[in-house]
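Read through the structure below, which is laid out as structure tokens, and then see the notes.
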Amino acid sequence: MWKTQLKYEEAAMIEISEDGVSVQELFEIEQDRAVLVGNEFVINIVFTLGNLVGKQLAKKLTEELQ
14 MWKTQLKYEE
24 AAMIEISEDG
34 VSVQELFEIE
44 QDRAVLVGNE
54 FVINIVFTLG
64 NLVGKQLAKK
74 LTEELQ
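In structure tokens:
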């Protein structure tokens, strides 16, 4: 989330807990701005997960090749 907060301070309105992610507070700001914040947040999550999965796959492949 910190990457999103660098671009949009409203990202602090996104709550993350063991129960999940809540964007309820984003409904309090302008809709266009909320969509930008939400999209940026999701893009950063997908990018981060892609990197983690990619690293795992590379490690597994390296191990299998040894």
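Residue numbers for the sequence shown follow the working numbering, so the first one is 14 and each next one is one higher.
Every residue gets a Cβ at the ideal spot worked out from N, C-alpha and C, and that includes glycine.
Per the DSSP secondary-structure output, Glu31 pairs with nothing in a beta bridge.
Look at Gln37 here: in three-state DSSP terms it is helix. Counting along the chain, the unbroken alpha helix (DSSP H) around Ile58 starts and ends at Gln44 to Leu78. Looking at the backbone, the Cα of Met26 and that of Ile56 are separated by about 17 Å. Distance check between Gly51 and each of Val34, Lys72 and Gly63 places Val34 closest, using alpha-carbon atoms only.
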